[in-house]
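K.L.:
Residue numbers for the sequence shown follow the numbering used here, so the first one is 67 and each next one is one higher. Note that the Cβ used here is the ideal one computed from N, Cα and C, for glycine as well.
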Amino acid sequence: MRWSCSETSGSITTIDDVAFWGLTGEHQRQVLGLLPIVVVVHVGRNRLPEGQGGGAGAVQGGAEGQGGGGEGGDARVGAFGRKPKEWSMFISRPIQLLKLAGVLSLNLTEKWIPTRSIQSYSTSALLNLKPLNSRISDCMRNGFTEEAQMLFDEMPQRNTVTYNAMIRGYFQNGHFGEGVSLFDEMPERDIFSYNTMIAGLMKFGDINGASEIFQKMPFRDVVSWNSMISGYVSNGLIGEALRVFSGMVLKDVVSWNLVIAGLVGVGKVDLAEEFFKEMGTRDIASWTTMISGLASAGRIVEARGLFEDMPVRDVRAWNTMIAGYLENGCIEIGEVLFQKMPQRDFRSWNEMINGLVRNQRIQNAMRLFVEMPQKCRRSWNSIVFGLIRNGLIKEAHAFLEKSPFSDTVSWTNLIVGYFETGEVDTAVSIFELMPARDATAWNVIIWGLGENDHGEEGLKFFVKMKEGGPFPDEATFTSVLTICSDLPTLHLGRQIHAQVTKTGFNYFVAVSNAMVTLYARCGNSNSALLLFSSMTSHDVISWNSIICGLAHNGNGVEAIEMFEKMRSTDIKPNRITFVGVLSACSHAGLVDQGKYYFDFMKYKCCLEPTIEHYTCIVDLLGRFGLIDEAMSFLRQMEANGVEVPASVWGAVLGACRIHKNIQVGEIAGERILEIEPHNSGVYIILAEMYLSSGKREDAERVWVRMREKGVKKQPACSWMEVNGSGHVFLSGDSSHPQFSRVCGVLGLLHMEMEIGILKSNAASFQEMQVLNDECSESV
67 MRWSCSETSG
77 SITTIDDVAF
87 WGLTGEHQRQ
97 VLGLLPIVVV
107 VHVGRNRLPE
117 GQGGGAGAVQ
127 GGAEGQGGGG
137 EGGDARVGAF
147 GRKPKEWSMF
157 ISRPIQLLKL
167 AGVLSLNLTE
177 KWIPTRSIQS
187 YSTSALLNLK
197 PLNSRISDCM
207 RNGFTEEAQM
217 LFDEMPQRNT
227 VTYNAMIRGY
237 FQNGHFGEGV
247 SLFDEMPERD
257 IFSYNTMIAG
267 LMKFGDINGA
277 SEIFQKMPFR
287 DVVSWNSMIS
297 GYVSNGLIGE
307 ALRVFSGMVL
317 KDVVSWNLVI
327 AGLVGVGKVD
337 LAEEFFKEMG
347 TRDIASWTTM
357 ISGLASAGRI
367 VEARGLFEDM
377 PVRDVRAWNT
387 MIAGYLENGC
397 IEIGEVLFQK
407 MPQRDFRSWN
417 EMINGLVRNQ
427 RIQNAMRLFV
437 EMPQKCRRSW
447 NSIVFGLIRN
457 GLIKEAHAFL
467 EKSPFSDTVS
477 WTNLIVGYFE
487 TGEVDTAVSI
497 FELMPARDAT
507 AWNVIIWGLG
517 ENDHGEEGLK
527 FFVKMKEGGP
537 FPDEATFTSV
547 LTICSDLPTL
557 HLGRQIHAQV
567 TKTGFNYFVA
577 VSNAMVTLYA
587 RCGNSNSALL
597 LFSSMTSHDV
607 ISWNSIICGL
617 AHNGNGVEAI
627 EMFEKMRSTD
637 IKPNRITFVG
647 VLSACSHAGL
657 VDQGKYYFDF
667 MKYKCCLEPT
677 IEHYTCIVDL
687 LGRFGLIDEA
697 MSFLRQMEAN
707 GVEVPASVWG
717 AVLGACRIHK
727 NIQVGEIAGE
737 RILEIEPHNS
747 GVYIILAEMY
757 LSSGKREDAE
767 RVWVRMREKG
777 VKKQPACSWM
787 EVNGSGHVFL
797 SGDSSHPQFS
807 RVCGVLGLLH
817 MEMEIGILKS
827 NAASFQEMQV
837 LNDECSESV
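Right under this line is the structure:
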């Protein structure tokens, strides 16, 4: 069989007896439709005799035995219909092999090019790497990293494009460590290699690594500079982005847009406006970014003016202006502008629907959804999200079941909604029934279980995810480490730490923050400090983690020192920071400093105190016997219109218990019981205070009141971790399998303590005897 085709390049014009790999006539016609792009596939059982091979313009081959597509052939050869010893593919213009695979109804996940075929191809005298490089890119783009890795490993010859495709694919699919290692192994690098590395390192938060690559580059183009600016902007380092921008000799419109977008992102709209005015050439992105920035700053009138000044307005500009109005609560004006649009796209409708949802106009959003001429996946998701946000979880569930799109995003949002309402079992059952689960769905189920005190179940799902789900990402490890710190389980946390380091996710700030919190909550302050110091960059959560962690472990002075270091950076403290600082002052007995930091937070940082801050101050004053001052502080709170909650009164009661102030303790206890009448701990503390001061009748009165209210003391509970296993102990519970051994050890400890006390008392008695004798002699 001989087919002819016309190719403008004229390099290849015939296909000689390829038998079309056993395809049907319809498929043959579809393949022929691609011939202007894909030219010539040769399959042969025998090698060509030396000297008979055609040049670059022809491919010859013979077939013996069965023709292509004969019955009884080996199914593993798939599309070839034969067992080739040698095959070649020539592509006259670069294309994606997935296009051809779609015509042939092939699935890349089934490895339709057998390994032995790749080997035969690679040993061909006419080696062409373009198809394989293209296949690697396609595999990576579709998430098939293993297939791409296998193809790469089987290639005896590789060029720079091959390495670049692999590195870019690794970064796209979250395999940070593999991407860095392959870059180090590259025999030769081009400008694309360096630019890919910079973008990948910045994506994974390795700022120093990206900067080092940039400095070592033998030559740079504008993309190199823009990659650095984009990376700094995405990591919140706008100062560094401006420094790189100022060092550029040649700036293109992308450079200016990146800086303007970065300044808008951190709220520096005035400076962004200066850069916008300084620009020589602007594109649509320049105008829309500036309009969006002004709208985000509440300067909606100026944004509208800029919109009117645009020389050309496309649908993106209209969408941005409408989104600005909706963001500022100007619903009616946004709707009027929407009606005036000369043309609309999917985003126009979705912006309106999302804006209405954000502004709690769910009925208007549903009306607009009905009017939408063609509904897309995002519009369905918006309505589902709106219903969930308005607490209509059941309605969202029913609406989603009517959707023509089996959308993972909507089902994931629904799971979040059920978790937020505490319906854990329903959330888990929906996850189990999902037809497809991506990494976000797995992350949500792990996060939700941890947030609802089902951390151990969340860890089980993490194990399932590793066994048969997608590759864990930044959010996965952050959630799992958070669960480990909440339980807490240091042994398992260390295992996760090892996995994080192995996969390269320790370069993510969020993951490193979670590891710092883990070690701090488990009492290992030294490891927490070491991790914090090794981080390439810090955000406010990083500082909060180490400050609160040190305070939690009683290292108050160190926590204050860390806060002072934070003040020397560009990162501003938030309310959580001051909770850690005030708690540190309380642990360290720094009363005056605690008062200073409270005023500093309120008047210098303009942060309104929350209940946690008030509780810290009352605890600080109460710990050191300043109970009257603590009561004055509470009266001032009430005068300022702040309702004093039970937790603050609890801090006063705890201080009164320590310093035996029954009078104020009674007041605090009664105020707590007004708010929480079934708080058994308050009854017990009051009764103990009465008994310690000899007021047995008052103590009995408290016990009677407790019984009349039907309040029962909750059994005491404690747990500990031994050799990686958790052990829980309840008061009065003897079900532990090693209960007898535990009691025996406790008995021995009790005896040792008694012996120590006797020795201590004996020593004290002897000292008192000597002191009395000395006093008698002096008299």
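1. Taking DSSP as the reference, what is the three-state secondary structure of I607?
2. With distances taken Cα to Cα, identify the nearest neighbour of P675 among G620, F644 and L815.
3. Taking the runs of the alpha helix (DSSP H) that are 4 residues or longer, which of them lie wholly in the region 612 to 651?
4. Would you call F805 buried or exposed, if buried means 16 or more other Cβ atoms sit within 10 Å of its Cβ?
5. Please classify G133 as buried or exposed, where buried requires at least 16 other C-beta atoms within 10 Å of its C-beta.
6. Assuming A383 contacts E417 (C-beta within less than 8 Å), just tell me the rounded distance between them.
7. Assuming the contact rule is C-beta atoms closer than 8 Å, I419 and I449 should be a hit. Round their C-beta distance to whole Å, please.
8. Determine the burial state of H744: buried for a count of at least 16 other Cβ atoms within 10 Å of its Cβ, exposed for fewer.
9. In three-state terms, what does DSSP make of F666?
10. With respect to the alpha helix (DSSP H) encompassing K282, which residues constitute its N-terminal and C-terminal limits?
11. State the start and end residues of the unbroken alpha helix (DSSP H) segment that holds T544.
12. Please list, in chain order, all residues of the same chain as A327 whose beta carbon is under 6 Å from its beta carbon, the five residues on each side excluded.
13. Would you mind sorting V494 into buried or exposed? The rule is 16 or more other CB atoms within 10 Å of its CB.
14. How big is the Cα-Cα spacing for G168 and L673?
15. I'd like the span of the alpha helix (DSSP H) that includes S448, first residue to last.
16. Who are the Cβ neighbours of G117 in its own chain at under 6 Å, not counting the five residues just before and after it?
17. Quick check on the burial criterion: 16 or more other C-beta atoms within 10 angstroms. Buried or exposed for Y662?
18. Check the C-beta distance from L556 over to N590 and give it rounded, since I have them as a contact under 8 Å.
19. Roughly how many angstroms separate the alpha carbons of R455 and E398, rounded to a whole number?
20. Got a sec? Which residues, its chain only, sit under 7 Å from E540 by beta carbon, not counting five neighbours each side?
21. Who are the Cβ neighbours of V299 in its own chain at under 8 Å, not counting the five residues just before and after it?
22. At which residue ranges does the region 285 to 326 contain complete alpha helix (DSSP H) runs of 4 or more residues, listed in the order of the chain?
23. Ignoring anything shorter than 4 residues, give me the alpha helix (DSSP H) runs that lie fully in the region 324 to 412, in order along the chain.
24. May I ask you to report which of helix, strand or coil DSSP gives V708?
25. Helix, strand or coil for F690, going by three-state DSSP, please let me know.
26. Suppose the cutoff is 7 Å on Cβ atoms and the five residues either side in sequence are ignored; what does the same chain contact list for F471 look like?
27. Verify whether the separation of the beta carbon atoms of I37 and R723 is less than 8 Å.
28. Short check: CB of A462 to CB of L480, under 8 Å?
29. Which residue from Q238, I626, N518 and M703 puts its Cα closest to that of I613?
30. What separation, rounded to the nearest whole angstrom, lies between the Cα atoms of W769 and G688?
31. By Cβ distance, which residues of its chain are closer than 8 Å to V310, with the 5 residues on each side in sequence left out?
32. Reducing DSSP to helix, strand and coil, say where R427 ends up.
33. What's the C-alpha gap between V710 and R641?
34. Touch check for the region 591 to 605 and the region 268 to 277: three-plus C-beta pairs under 8 Å?
35. Give the straight-line distance between the Cα atoms of E624 and A586, rounded to the nearest whole angstrom.
P.N.:
So, from the listed chains and residues:
1. Taking the sequence shown and counting its residues from 1, one reaches residue 607 at position 541. Three-state DSSP puts I607 in a helix.
2. As a working note, residue 675 is residue 609 in the sequence shown. Closest option to P675, Cα to Cα, is F644.
3. 622 to 633
4. Here residue 805 corresponds to residue number 739 of the sequence shown, with the count starting at 1. It counts as exposed.
5. Here residue 133 is taken as the residue at index 67 of the sequence shown, counted from 1. Reliability of the predicted coordinates at G133 is poor, the pLDDT of 37 falling under 50, and no value is obtained from them.
6. As a position in the sequence shown, residue 383 is number 317, starting the count at 1. As a position in the sequence shown, residue 417 is number 351, starting the count at 1. Contact flag wrong, Cβ pair sits at about 12 Å.
7. Counting from 1 along the sequence shown, the entry for residue 419 is found at position 353. Counting from 1 along the sequence shown, the entry for residue 449 is found at position 383. That pair is a contact at about 7 Å.
8. Taking the sequence shown and counting its residues from 1, the one referred to as residue 744 is at position 678. Exposed: under 16 other Cβ atoms inside 10 Å.
9. Translated into positions along the sequence shown, residue 666 becomes position 600. The answer is helix: DSSP assigns F666 an H, G or I state.
10. Residue numbering aside, residue 282 sits at position 216 when the sequence shown is read from its first letter. I273 to K282 is the extent of the alpha helix (DSSP H) around K282.
11. On the sequence shown, position 478 is the one that residue 544 refers to. E540 to D552 is the span of the alpha helix (DSSP H), which, as asked, contains T544.
12. Indexing the sequence shown from 1 puts residue 327 at position 261. T355.
13. Taking the first residue of the sequence shown as position 1, residue 494 is located at position 428. Looking at its Cβ environment, which holds 16 or more other Cβ atoms inside 10 Å, V494 is buried.
14. Numbered from 1 along the sequence shown, position 102 holds the residue referred to as residue 168. Numbered from 1 along the sequence shown, position 607 holds the residue referred to as residue 673. Unreliable placement is indicated for G168, whose pLDDT of 41 sits below 50; the coordinate value is still reported in the next sentence. Cα to Cα, the separation comes out at about 59 Å.
15. Translated into positions along the sequence shown, residue 448 becomes position 382. Run containing S448: R443 to R455, per the alpha helix (DSSP H) assignment.
16. Translated into positions along the sequence shown, residue 117 becomes position 51. Bear in mind that a pLDDT of 39 at G117, under 50, signals an unreliable position, so the number given afterwards is only what the model happens to contain. The answer is none, since no qualifying residue turns up.
17. Position 596 of the sequence shown, counted from the first residue, corresponds to residue 662. Burial call: exposed.
18. Start at 1 with the first residue of the sequence shown, and residue 556 comes out as number 490. Start at 1 with the first residue of the sequence shown, and residue 590 comes out as number 524. Contact holds; Cβ gap of about 7 Å.
19. Numbered from its first residue, the sequence shown carries residue 455 at position 389. Numbered from its first residue, the sequence shown carries residue 398 at position 332. Cα-Cα distance, rounded: 22 Å.
20. The residue labelled residue 540 in the question sits at position 474 within the sequence shown. Listed in chain order, the non-local C-beta contacts of E540 below 7 Å within the same chain comprise F571, F574, A576 and V577, local neighbours out to five positions each way being set aside.
21. Locating residue 299 in the sequence shown gives position 233, where the first residue counts as 1. Here the set comprises A307, L324, V325, A327, G328 and G331.
22. Considered as a whole, the region 285 to 326 harbours 288 to 300 and 304 to 312 as its complete alpha helix (DSSP H) runs of no fewer than 4 residues, in chain order.
23. 335 to 344, 350 to 362, 366 to 375, 381 to 393 and 397 to 406
24. Taking the first residue of the sequence shown as position 1, residue 708 is located at position 642. If DSSP states are grouped into helix, strand and coil, V708 belongs with coil.
25. If you number the sequence shown from 1, residue 690 lands on position 624. Here F690 sits in coil by DSSP.
26. As a first step, residue 471 is located in the sequence shown; it is residue number 405 there, counting from the start. Counting only Cβ-Cβ distances below 7 Å, and skipping sequence neighbours, we find R443 and W446.
27. Examination of residue 37 is not possible in this model, given that the chain is present from 67 through 845 alone.
28. Along the sequence shown, read from residue 1 onward, the residue named residue 462 stands at position 396. Along the sequence shown, read from residue 1 onward, the residue named residue 480 stands at position 414. Going by C-beta atoms, A462 is nearer than 8 Å to L480.
29. Here residue 613 refers to the residue found at position 547 when the sequence shown is read from its first residue. Checked all of Q238, I626, N518 and M703; the closest Cα to I613 is I626.
30. As a working mapping, residue 769 is identified with position 703 in the sequence shown. As a working mapping, residue 688 is identified with position 622 in the sequence shown. Roughly 26 Å between the two C-alpha positions.
31. Here the question's residue 310 lines up with position 244 in the sequence shown. Around V310: W291, M294, I295 and Y298.
32. Position 361 of the sequence shown, counting from 1, holds the residue named residue 427. Looking at R427 - three-state DSSP - the assignment turns out to be coil, as it is neither helix nor strand.
33. Residue 710 sits at position 644 when you count from the first residue of the sequence shown. Residue 641 sits at position 575 when you count from the first residue of the sequence shown. Distance from the CA of V710 to the CA of R641, rounded to the nearest whole angstrom, comes to 18 Å.
34. Yes, the region 591 to 605 is in contact with the region 268 to 277.
35. Here residue 624 refers to the residue found at position 558 of the sequence shown. Here residue 586 refers to the residue found at position 520 of the sequence shown. Going from the Cα of E624 to the Cα of A586 covers about 13 Å.
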